[in-house]
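Here the structure comes first, spelled out in structure tokens, and everything after it is commentary.
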Amino acid sequence: AEVLTPAFFGAWIEEAARSVRAERDELTRLDAAIGDADHGTNLDRGFTEAVRALGERCPATPGAVLVLVGSTLIRKVGGASGPLYGTAFREAGKALGDAPAVSAADLAAALTAGVAGVRRLGSAAEGDKTMVDALAPAAGALAEAVREGRGLDDALGAASAAAAAGAAATIPMPARKGRASYLGPRSVGHQDPGATSAALILRALHTVAAR
Ligand code: ADP
Ligand code: MG
Ligand code: MG
360 AEVLTPAFFG AWIEEAARSV RAERDELTRL DAAIGDADHG TNLDRGFTEA
410 VRALGERCPA TPGAVLVLVG STLIRKVGGA SGPLYGTAFR EAGKALGDAP
460 AVSAADLAAA LTAGVAGVRR LGSAAEGDKT MVDALAPAAG ALAEAVREGR
510 GLDDALGAAS AAAAAGAAAT IPMPARKGRA SYLGPRSVGH QDPGATSAAL
560 ILRALHTVAA R
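Its first residue numbered 360, the sequence shown is counted upward by one per residue in my numbering.
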């Protein structure tokens with residue numbers, strides 16, 4: 360069923376912005392350990408702007424919502440994560456095309472396209488201690504749940520759980536991409552900030568679907 364409207368995607372971004380704001384200091388603390396202590400403030404600035412842009416432009420399709428969010432994140436977040444998250448949302452939005460509403464299967468395909476965009480741009484594989492470690496399992500879990508015919512709430516619960524587990528699994532990894540890779544083995548023992556924020560964004564998607 361074509362159930363997911365532009366309003367649903369807008370509510371997701373609002374919830375993600377709330378969650379990033381609430382966890383801003385924790386994200387920055389994680390980035391202080393293995394990076395440059397700006398991930399929380401970078402993302403808070405970007406998602407706040409994304410909510411503002413959606414309020415001003417009110418895109419008419421789910422695809423246009425996600426493309427606008429991606430473009431805003433690219434302009435406002437900066438650093439490594441801005442272009443990466445921006446590409447994820449833009450690619451996901453492009454995958455949704457110009458349909459006025461989309462299905463859970465469309466959303467799963469869009470998330471997969473978003474992750475592919477991140478991989479292409481950042482050339483990180485799973486296990487490199489990046490946001491890919493949360494995003495890739497989430498996309499896989501969502502696709503599998505949709506194939507099994509599970510409901511949206513349930514399917515996004517599985518995706519959110521997979522993202523959280525993927526973020527936690529970065530703790531023992533040495534970083535092989537991004538700023539944290541400069542630390543080599545000294546990055547072991549810290550959870551990756553980008554994987555942590557990716558899990559927050561996926562959790563926000565589940566929260567909105569469960570309403
Ligand atoms: P910066 O490192 O430029 O300060 P942020 O602190 O906002 O940018 O984001 C850091 C996060 O970006 C990392 O925790 C990691 O998850 C992600 N990241 C960095 N480089 C890559 C990459 N090549 N591929 C995927 N994710 C990456
Ligand atoms: Mg940083
Ligand atoms: Mg930085």
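Yeah, the Cβ is synthetic: ideal placement off N, Cα and C, and Gly gets one too.
Computed from a prediction, not measured in an experiment: that's the story for all the values here.
For this session: Find the nearest neighbour of Ala526 within the set Arg509, Gln550, Glu507, judged by alpha-carbon distance.
Result: Gln550
Exercise. Just checking my contact of Thr446 with Leu501 at CB under 8 Å: how many whole Å lie between their CB atoms?
Worked result: About 19 Å; that fails the 8 Å criterion.
For this session: Taking 5 Å as the limit, tell me which residues put their C-beta closer than that to any heavy atom of ligand 2, in chain order.
Result: Cβ atoms closer than 5 Å to ligand 2 belong to Asp390, Gly394, Asp395, Asp397, His398.
Exercise. Closer than 8 Å: is that where the CB of Ala392 sits relative to any heavy atom of ligand 5?
Worked result: Summarising the ligand content, the structure contains ligand 1, ligand 2 and ligand 3 and does not contain ligand 5.
Exercise. Which residues in the same chain as Gly476 place their Cβ atom closer than 6 Å to its Cβ, once the five residues preceding and following it in sequence are excluded?
Worked result: Thr446, Ala447, Glu450
Exercise. Counting pairs of Cβ atoms below 8 Å between the stretch 546-560 and the stretch 383-394, do you hit three or more?
Worked result: By the Cβ test, the stretch 546-560 is in contact with the stretch 383-394, since at least three Cβ pairs between them sit closer than 8 Å.
Exercise. Cβ of Gly405 versus every heavy atom of ligand 3: is any distance shorter than 8 Å?
Worked result: no
Problem set entry | Assumed close pair Arg411, Leu427 - CB separation to whole angstroms, cut-off 8 Å | The distance from the Cβ of Arg411 to that of Leu427 is about 11 Å, inconsistent with a contact at the 8 Å cut-off.
For this session: Let me know the secondary structure DSSP gives Val436 once reduced to three states.
Result: coil
Problem set entry | Boundaries (first-last residue) of the alpha helix (DSSP H) holding Ser519 | 511-527
Exercise. For Asp487, is the beta carbon positioned less than 8 Å from some heavy atom of ligand 1?
Worked result: Checking the 8 Å criterion, the Cβ of Asp487 is within range of a heavy atom belonging to ligand 1.
For this session: Count the other C-beta atoms from every protein chain shown that fall within 10 angstroms of the C-beta of Val461, then say buried if there are 16 or more, exposed otherwise.
Result: buried
Problem set entry | Proximity to Asp457 [Cα-Cα], best of Ser556, Leu542, Gly422 | Gly422
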